[in-house]
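Here's the structure, in structure tokens; my notes come after.
Numbering (the numbering used here), first residue to last: -17 to 34.
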């Protein structure tokens, strides 16, 4: 998905500020932010079709 400048990537709900900060660090480490789109990924590797 494409996200614009200033748009949120996620909403974090936590019981404490410390938990929220830890969750934010985990979420941020899961993203790679850049100016260009990443190369297309081949999501479907193989289809299994019924015989007959």
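Cβ atoms here follow ideal geometry from the backbone N, Cα and C, with glycine treated the same way.
- Three or more Cβ pairs closer than 8 angstroms define a contact, and the stretch 20 to 27 falls short of that threshold against the stretch -6 to 4.
- At the C-beta level, residue -7 and residue -15 stay beyond 8 angstroms of one another.
- In this structure, the CA atom of residue 18 is about 18 angstroms from the CA atom of residue 10.
- Comparing alpha-carbon positions, the option among 15, 0, -5, -4 lying closest to residue -11 turns out to be 15.
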